[in-house]
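Here is the structure we will look at, set down as structure tokens.
Protein chains in written order, with the working numbering: chain R, 2 to 294; chain C, 61 to 336.
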């Protein structure tokens with residue numbers, strides 16, 4: 002606890018220039034990456050070096066080719082330009098990922114709380130929670146799809162469950178850790194008020210654990226997008242990014258830039274998820290978080 | 061025995077033959093007998109490891125004694141804790157960062173089931189009592205250490221407990237802030253009419269604040285001397301210049317050194333013995 006009076010950074014003119022600086026540095030890094038890609042490509046292909054891999058149009062398409070591909074009509078698909086098709090696919094995948102993230106976050110939080118409340122539950126559950134992540138998601142995904150399919154659940158929801166499978170783990174572990182690292186004095190204080198278990202949980206342990214929980218949610222946000230994309234393959238869903246990736250994979254030697262373009266969109270979707278969590282964290286942790294949880 | 065402000069006869073804390081041995085085998089306290097009357101200000105002073113904090117925690121039912129019994133307001137310490145009979149202040153303010161100052165103070169009131177209007181009225185009174193009116197909407201991290209500790213005191217007193225337990229509350233503050241808060245604490249004590257048990261390392265602080273100083277020695281923790289402080293009430297900053305003030309300081313210092321000489325023969329960890 003800071004013993005010195007701290008002022009909140011003032012908003013306004015200073016805030017605007019700070020934002021401008023951040024955007025500028027972001028663009029600068031982006032430009033450098035682009036330059037590095039093209040420079041590497043140019044050096045390796047003109048020198049004819051083949052280590053660690055041969056550089057040509059199929060291994061490293063030009064960045065502008067990848068961007069150009071977004072404006073083209075690919076040979077497969079609905080006939081719209083690739084960017085529109087990919088944005089629609091990203092929207093579909095986003096729906097699965099949002100559902101998966103929400104389910105996973107809730108399940109993870111619930112497991113974390115349950116494990117924090119009873120040592121017996123923690124001993125019993127924790128090994129399985131850890132083991133669940135040691136099982137490859139590619140092996141779990143078809144089982145989920147077949148099982149939920151037999152229950153006549155919409156296929157996209159099966160994908161959401163697969164995304165949830167990747168999401169819940171970091172949330173469960175960090176919730177548990179956060180709930181267990183409550184300040185001992187604060188707990189004694191609650192004991193001095195003769196506070197009940199639930200009161201201590203909701204008024205002290207959970208708000209104190211929120212920074213832990215949010216750092217898990219940041220990780221989970223991107224994991225849920227990856228989970229949704231992976232889950233689309235065994236569910237034979239064509240309308241999401243996973244479907245496009247499987248499809249463009251088959252035509253990679255002919256049109257490598259299409260797969261690169263899809264990867265770019267998938268990465269942007271993951272970043273968008275991450276940013277949403279960061280914004281939510283700022284909004285929640287600035288004010289009294291117990292009102293929000 | 062009773063040297064409280066009104067000289068009343070009611071016993072607030074009755075400790076008889078209390079001992080505490082921790083699981084590791086350390087005997088933190090042994091054979092403690094102590095009665096504290098209504099409106100008394102009792103300080104526990106002693107070297108590290110004398111069990112003064114442990115004794116305070118036993119009174120507050122934060123830990124249980126191994127032997128003996130503690131009665132608070134004629135009830136078991138456990139029942140007294142359940143009845144919200146005492147407020148506690150630690151060396152650190154232990155404020156909840158996610159709550160404003162006002163909502164930190166109202167936390168025990170929420171727990172006691174006070175409605176919103178009563179709570180906010182009470183918080184206003186408490187802010188006034190600790191002279192922090194206008195800081196209700198601040199967050200703890202916007203306050204200085206001394207202000208944070210005043211919030212902690214306001215929180216401890218918010219539900220008007222008959223007993224206030226303080227564990228080196230000003231130990232982490234600088235000397236100037238500490239002296240100012242000592243005066244403020246005496247003013248609050250006079251205004252609130254509560255009984256205070258105060259753990260400290262500082263002889264001058266103990267003499268200045270207390271109606272009675274309990275000198276403890278270590279290994280095992282026990283009471284080695286009880287010094288009633290008969291300085292005029294109410295105390296003022298000038299009380300520190302009273303010749304009798306120095307006599308009391310000397311008396312307690314000698315009592316502490318006597319205990320320390322005995323301690324020196326016992327080789328043991330010099331850490332403050334605490335729970336867990």
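Idealized CB from N, CA, C, for every residue including glycine.
- The Cβ of residue 204 of chain R sits closer than 9 Å to at least one Cβ of chain C.
- Looking at the DSSP output, residue 276 of chain C sits in a beta bridge with C:283.
- Residues of the region 175-197 of chain R that bring their beta carbon within less than 9 Å of a beta carbon in chain C comprise 184, 185, 186, 187, 189, 190, 191, 192, 193, 194, 195, 196 and 197, in sequence order.
- Taken through DSSP and simplified to helix, strand or coil, residue 238 of chain R comes out as coil.
- By the Cβ neighbour-count rule, residue 87 of chain R is buried, with 16 or more other Cβ atoms within 10 Å of its own.
- Beta-bridge pairing by DSSP links residue 258 of chain C to C:103 and C:226.
- A Cβ-Cβ distance of about 5 Å is found for the pair residue 278 of chain C and residue 107 of chain C, placing them in contact under the 8 Å criterion.
- Restricted to the region 160-244 of chain R, the alpha helix (DSSP H) segments that are unbroken, complete and at least 4 residues in length are 185-193, 198-201 and 207-233, listed in chain order.
- From the listed residues C:109, C:249 and C:162, the smallest Cα separation to residue 198 of chain C is found for C:162.
- DSSP places residue 100 of chain R within a helical segment (H, G or I) once states are collapsed to three.
- At the C-beta level, residue 255 of chain C and residue 73 of chain C come within 9 Å of one another.
- At a cut-off of 9 Å between beta-carbon atoms, residue 174 of chain C makes no contact with chain R.
- Nearest CB-CB separation between residue 154 of chain C and chain R: below the 9 Å threshold.
- In this structure, residue 98 of chain C sits away from residue 252 of chain C, with a CB-CB distance that is not shorter than 9 Å.
- For the pair residue 147 of chain C and residue 76 of chain C, the CB atoms are not nearer than the 9 Å cut-off.
- About 15 Å separates the Cβ atoms of residue 45 of chain R and residue 64 of chain R, ruling out a contact at the 8 Å cut-off.
- Here residue 31 of chain R is exposed: its Cβ has fewer than 16 other Cβ atoms, across all protein chains shown, within 10 Å.
- In terms of Cα proximity to residue 209 of chain R, the closest of C:201, C:92, C:213 and C:156 is C:156.
- Looking at the backbone, the Cα of residue 250 of chain R and that of residue 260 of chain R are separated by about 7 Å.
- Contact note: residue 104 of chain C does not reach chain R at a C-beta cutoff of 9 Å; the least C-beta distance is about 18 Å.
- By the 16-neighbour rule on beta-carbons within 10 angstroms, residue 94 of chain R is buried.
- Shown here, residue 76 of chain C sits in a strand according to DSSP, grouped into three states.
- Under the 9 Å criterion on CB atoms, residue 284 of chain R is classed as non-interfacial with respect to chain C.
- In the same chain as residue 264 of chain R, and ignoring 5 residues on each side of it, the C-beta atoms closer than 8 Å to its own belong to 246, in chain order.
- When only Cα atoms are considered, residue 214 of chain R and residue 185 of chain R end up about 19 Å apart.
- Beta-bridge annotation (DSSP): residue 87 of chain C is paired with C:81.
- Between residue 148 of chain R and chain C, the shortest Cβ-Cβ separation is not below 9 Å.
- For the set R:169, R:182 and R:195, the Cα lying nearest the Cα of residue 103 of chain R is the one of R:169.
- Judged by DSSP secondary structure, residue 155 of chain C falls outside any beta strand (DSSP E); it is assigned neither H nor E.
- Following the DSSP letters along the chain, one finds residue 131 of chain C inside the beta strand (DSSP E) bounded by residues 127-132.
- DSSP places residue 148 of chain R in the helix class (H, G or I) of the three-state scheme.
- CA-CA distance, residue 41 of chain R to residue 51 of chain R, rounds to 12 Å.
- Put simply, the backbone Cα of residue 135 of chain C is about 15 Å away from that of residue 193 of chain R.
- The region 86-96 of chain C makes contact with the region 269-287 of chain C; the number of CB pairs closer than 8 Å reaches 3 or more.
- When Cβ-Cβ separations below 9 Å define contact, residue 83 of chain R makes no contact with chain C.
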